[in-house]
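**Student:**
Numbering (our numbering), first residue to last: 78 to 228.
And the structure:
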């Protein structure tokens with residue numbers, strides 16, 4: 078009888094330990110820059126499945142000149158949602174030749190399921206997330222060329 082009562086407690090402790098060790102709110106170690114003309118953004122680089130899956134989830138803020146660059150193994154139609162993302166963002170899709178192919182401006186956090194999935198009408202190898210409105214501040218337009226540099 079006591080063993081049956083202990084199992085749920087141990088399970089909850091295990092899940093708590095796993096989630097806390099994942100560091101879902103910590104910043105990524107891999108860094109870089111994405112520049113458009115003479116304006117550069119400091120980025121964290123999400124280049125594997127786990128990092129891309131977490132992205133900017135659970136963050137309460139993002140620095141003015143900061144963002145996250147999602148790097149994919151292959152170009153394709155990349156979909157993004159705002160589940161568990163607490164800050165509004167601009168999402169910028171960039172193709173293999175570093176051309177901006179789509180910008181979704183002022184994407185709000187998802188407040189309830191199902192969360193909307195945002196996609197570009199063209200394939201992309203990179204996706205850049207920055208603070209909402211910052212794409213306008215930088216004057217970003219489709220067709221702009223990005224200079225991407227990361228570790």
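Just so you know, even glycine gets a beta-carbon here, dropped at the ideal spot from N, CA and C.
What residues in its chain sit with their C-beta under 8 Å from that of residue 212, if we drop five residues either side in the sequence?
**Tutor:** Along the chain shown, read from residue 1 onward, the residue named residue 212 stands at position 135. Cβ neighbours of residue 212 beyond the five flanking positions: 167, 169, 180, 182.
**Student:** Quick one: grab the DSSP three-state call for residue 228.
**Tutor:** Taking the first residue of the chain shown as position 1, residue 228 is located at position 151. In the structure shown, residue 228 sits in coil (DSSP, three-state: anything other than H, G, I, E or B).
**Student:** Expressed to the nearest angstrom, what Euclidean distance is found between the alpha-carbon atoms of residue 164 and residue 186?
**Tutor:** The residue you call residue 164 lines up with position 87 of the chain shown. The residue you call residue 186 lines up with position 109 of the chain shown. Going from the Cα of residue 164 to the Cα of residue 186 covers about 6 Å.
**Student:** So residue 111 and residue 205 are supposed to be a Cβ contact under 8 Å. How far apart are they, rounded?
**Tutor:** Translated into the one-based positions of the chain shown, residue 111 becomes position 34. Translated into the one-based positions of the chain shown, residue 205 becomes position 128. With 8 Å as the limit, residue 111 and residue 205 qualify as a contact, their Cβ atoms being about 6 Å apart.
**Student:** Out of 162, 199, 126, which one is the CA nearest neighbour of residue 192?
**Tutor:** Stepping through the chain shown from its first residue, residue 192 is reached at position 115. The shortest C-alpha separation from residue 192 is found at 162.
**Student:** Measuring straight from C-alpha to C-alpha, what distance separates residue 139 and residue 199?
**Tutor:** Counting from one through the chain shown, the residue named residue 139 turns up at place 62. Counting from one through the chain shown, the residue named residue 199 turns up at place 122. Between residue 139 and residue 199, the C-alpha separation is close to 27 Å.
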